[in-house]
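A short worksheet on the structure shown next.
See below:
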């Protein structure tokens, strides 16, 4: 226990001493750093849908869905992300872990931008550039499983109740089985996502639903920063500024989901951004332990102080928002 307390104290010192980027509620929500903003006039946008011109913040609305432009494709950003992932591989994984995977999550612009006259990156190009530089990892393609309605209207993130097929696809590729039997619970407060804070838009608020079952209810989440345990869903945060933080308590550099009723004794390490906060619980059935590492806040050079690699499955799971704005990766 003393060793655990010392590790927690060291991690907190790393996070709050300036070794990692500070994370406000808004930075957690966006999963992106400031990018080039391209203004599009209403005359340039498609007239086939209810479309607004992008404002100074880069936010636009199409048929009730808000998004922020993620443009242009930053090839250097993709390369930087790949180099940081390669460092993790060479330093910690090469001699310790064999089952390594990578998956890329498209942001909402993939479904909205080009189709409605807004500038859009080439998502195939971004993904192939990254994957081709990660020849040590097996690519799991989830693009075909996703559509616009899988995302919140006012926020960047995907809706947990819409991605059980994504979880099943990823789990299957990694050789584990997960259930799709859950109870849906919808919060009784409206969810105003990040785009409502980025811009003065007129969009109906979202509802926020989480998936639960007996297995997840018995899982415990260990926060290495605070040396404390919590539930998978932190409902105390439901009435806060960002209800999405109910998923694994929001922005955290290092978390562990412990499942005493796992169907196997296998372990998984996910290198991730905030999209994984709602996906990881859906993978919990297949693993006795899932460690979530956010190297936007924990420098990879320090990772060995906090995580021991010993044959776990490894998943690099990142949104295109982060890959195209990867300076936020340490």
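Residue numbers (the numbering used here): 7 to 336.
Glycine is no exception: its CB is placed at the ideal position from the N, C-alpha and C atoms.
Residue range of the unbroken alpha helix (DSSP H) whose run includes residue i
i	result
residue 203	200-204
residue 326	326-329
residue 135	129-138
residue 228	From DSSP, residue 228 is part of no alpha helix (DSSP H) but of the beta strand (DSSP E) over 226-229.
residue 289	282-289
residue 98	Per DSSP, residue 98 belongs to no alpha helix (DSSP H) and is neither H nor E.
Coarse secondary structure for residue i, derived from DSSP in three states
i	result
residue 84	helix
residue 146	coil
residue 320	strand
residue 332	helix
residue 89	helix
residue 162	coil
residue 168	helix
residue 254	coil
residue 77	coil
residue 45	The predicted position of residue 45 is uncertain, since its pLDDT is 39 and thus under 50; no value can be drawn from it.
residue 178	helix
residue 123	coil
Beta-ladder partner(s) of residue i, from DSSP
i	result
residue 217	190
residue 195	Paired residues: none, contrary to the question.
residue 67	72
residue 307	In the DSSP output, where bridge partners are listed per residue, residue 307 has none listed.
residue 299	260, 277
residue 212	197
residue 239	253
residue 157	164
Extent of the continuous beta strand (DSSP E) to which residue i belongs
i	result
residue 110	106-111
residue 236	234-236
Reference residue i; option with closest CA among the options
i	options	result
residue 158	281, 259, 110	281
residue 97	307, 319, 333, 246	307
residue 273	160, 310, 104, 139	104
residue 229	205, 255, 322	255
residue 139	123, 169, 84	84
residue 88	334, 135, 70, 236	135
residue 182	247, 191, 271, 162	271
residue 162	241, 133, 245, 75	75
residue 93	328, 322, 331	322
residue 186	195, 175, 275, 102	175
residue 71	335, 212, 141, 133	212
residue 316	231, 102, 80	102
residue 309	95, 69, 80	95
residue 124	80, 113, 60	60
Check whether residue i and residue j have beta carbons under 8 angstroms apart
i	j	result
residue 298	residue 177	no
residue 291	residue 268	yes
residue 325	residue 111	yes
residue 206	residue 239	no
residue 151	residue 171	yes
residue 222	residue 266	no
residue 209	residue 67	yes
residue 192	residue 215	yes
residue 204	residue 65	yes
residue 261	residue 227	yes
residue 86	residue 332	yes
residue 296	residue 263	yes
residue 107	residue 146	yes
residue 278	residue 248	no
residue 302	residue 335	yes
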